[in-house]
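Below is one structure, written out as structure tokens, with a few remarks after it.
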Amino acid sequence: MSTPAPEHAVGRAEADGIAARARGLTKAYGSGETTVLALDSVDVDIARGRFTAVMGPSGSGKSTLMHCLAGLDSVSAGQVWLGDTEITGLKDRELTRLRRDRIGFMFQSFNLIPTLNAAENITLPMDIAGQKPDQKWLDQVIDTLGLRDRLKHRPAQLSGGQQQRVACARALASRPELIFADEPTGNLDSRAGLEVLGFLREAVDELGQTVVMVTHDPGAAAHSDLVLFLGDGRIVDEMERPSAEAVLERMKRFDTIRVTFDGGGGGSDGAPPAGTSGDVPLDDSPGAAFLDGDSGDVTLEKD
Ligand SMILES: Nc1ncnc2c1ncn2[C@@H]1O[C@H](COP(=O)(O)OP(=O)(O)OP(=O)(O)O)[C@@H](O)[C@H]1O
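Quick note on the UniProt record's numbering: the sequence shown kicks off at 1 and runs consecutively.
Given below as structure tokens:
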């Protein structure tokens, strides 16, 4: 199975309704015999005002796709656009500004600054950028996320679900063109996870935001409008209006194919169950490009 040709790009939306786009997106790590082709000429359109989930077996390229679309990682070949802006070829400084001004991020590990309270964490990226939040929008986000009575609390005084809600509010605060969420429910129990997924859904339906979420959890993917399935660095399938059962069935087919190729019996490296994916070390996580989690210092996204 191969990634469709550009004129049939997966997830294709109306011309003016595309929040992000990639053509021939290829990412290779290493060189020579040790080269790993993480993305193999991917064409994709991310529709504006929709909730898109990215799924696939471990190592299929989900995080790499997200990082390349968000300008957190360079590409080996191909082109990526955020709206009308081609981001491939931008200098680091321009990319930093673009990420800060136009993209919101949520991570499994929340990446909140422990010494700041919830309100300060929420507005931090805007404070760094020297931007004044739109108070009406901010109030709407805070109320939608039910954080009004928690604004003075520091992360340690909040539950995991509340911390992720703060991270969600931070991602929404500047009304970004696109929100990338990498396993946002991975560190939460199922109730808190459902709550956060509900808020992401609301961000799309009520606030008109665009969300792309990488997940291992078919239940989480079922909250999206469209699931893109990655296999060996290619988009091999997509599913509109997914149900958890249909997504699970589709994921099982990756295992079947692998077992067939392995001659049967071989262990699958399919997706781990919901919420069991390993912790992303802060240094390696894209959050490190935004905040220095060890020191709590803000480091890289400042001009
Ligand atoms: N920095 C790197 N150096 C070398 N190889 C890498 C690097 N980052 C990713 N890879 C390889 O690229 C491939 C895709 O990795 P990626 O993390 O995008 O997969 P994934 O689908 O997000 O996996 P998981 O579900 O396990 O998080 C894998 O084979 C991985 O080993």
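C-beta: ideal position from N, C-alpha, C; glycine also.
Just so you know, these numbers come straight off a predicted model, no measurement behind them.
- Taking 7 angstroms as the cut-off, the Cβ atoms of A22 and Y29 do not count as close.
- The criterion of a C-beta distance shorter than 7 angstroms is satisfied by G56 and F229.
- Restricting attention to beta strand (DSSP E) runs no shorter than 3 residues, the stretch 220-254 encloses them at 226-231, 234-240, ordered along the chain.
- The bridge partners DSSP lists for G104 are I179.
- Placement of the Cβ of T64 at a distance of less than 6 angstroms from at least one heavy atom of ligand 1 is found.
- Rounded to the nearest angstrom, the gap between the Cα atoms of A192 and G160 is 8 angstroms.
- Assignment of beta-bridge partners to M55 by DSSP yields F229.
- Remark: C-beta atoms of N121 and I128 do not approach each other more closely than 7 angstroms.
- Beta-bridge analysis with DSSP links I18 to A47.
- Shortest Cα-Cα distance from R175 to any of F107, I142, R234 involves I142.
- Counting every other CB atom within 10 Å of its CB across the protein chains shown gives S31 a total below 16, marking it as exposed.
- Judged by their CB atoms, A19 and E202 are not nearer to each other than the 7 angstroms cut-off.
- In the DSSP assignment, T26 is bridged to A77.
- Proximity of the beta carbon of G61 to ligand 1 is indicated: a heavy atom of the ligand is located closer than 6 angstroms.
- Taken from the Cβ of V42, every heavy atom of ligand 1 lies 6 angstroms or farther away.
- Ligand 1 has a heavy atom closer than 6 angstroms to the beta-carbon of S58.
- At least one heavy atom of ligand 1 sits closer than 6 angstroms to the Cβ of V36.
- About 7 angstroms separates the beta carbons of L200 and F51, which is inside the 8 angstroms limit, making them a contact pair.
- Beta-carbon to beta-carbon, A53 and M251 are separated by about 12 angstroms, too far to satisfy the 8 angstroms threshold.
- Nearest to G208 by C-alpha distance, out of L69, L172, A221, L124, is L172.
- Taking C-beta separations shorter than 6 angstroms and ignoring five residues to either side along the sequence, the partners of E195 in its chain run G161, following chain order.
- Straight through space, the alpha carbons of V236 and R154 are spaced by roughly 43 angstroms.
- If the five residues before and after L95 are omitted, its C-beta is found closer than 8 angstroms to the C-beta atoms of G71, I87, all from its own chain and listed in chain order.
- DSSP places D205 in the uninterrupted alpha helix (DSSP H) bounded by 190-205.
- Cβ-Cβ separation between F105 and Q164: approximately 12 angstroms, too far for a contact (criterion under 8 angstroms).
- In the displayed model, D84 falls within coil according to three-state DSSP, outside both helix and strand.
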